[in-house]
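*Asks:* Below is the structure I would like to discuss, written out as C-alpha cells.
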C-alpha cells in the first residue's frame with residue numbers, strides 16, 4: 095500500500111512538466127505517440 099501511495103502522490107499524470115514544454119505526461123504522450131496502423 096505504501097508503494098501505491100508513493101507512486102500516486104509522486105507521479106501525477108495531470109501535473110505540468112517543464113521538461114515536457116509545460117504539458118502533462120498524458121498530453122505529451124498523446125501528442126508525440128506515433129499513429130498506430132489500422
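In our numbering, the protein residues as written are 95 to 132. We put the beta carbon where it would ideally sit given N, CA and C, even for glycine. Computed from a predicted model, the values in this text were never measured in an experiment.
#1: So if DSSP puts residue 117 in a beta bridge, which residue, or which two residues, is it bridged to?
#2: Give me, in chain order, the residues of the same chain whose beta-carbon lies closer than 8 Å to that of residue 111; leave out the 5 immediate sequence neighbours on both sides.
#3: Just how far apart, CA to CA, sit residue 108 and residue 102?
*Replies:* Reading it off the structure:
#1: Indexing the chain shown from 1 puts residue 117 at position 23. Per DSSP, 111.
#2: Stepping through the chain shown from its first residue, residue 111 is reached at position 17. For residue 111, where only same-chain residues beyond five positions count, the Cβ hits under 8 Å are 117, 118, 119, 122.
#3: Taking the first residue of the chain shown as 1, we reach residue 108 at position 14. Taking the first residue of the chain shown as 1, we reach residue 102 at position 8. In this structure, the CA atom of residue 108 is about 11 Å from the CA atom of residue 102.
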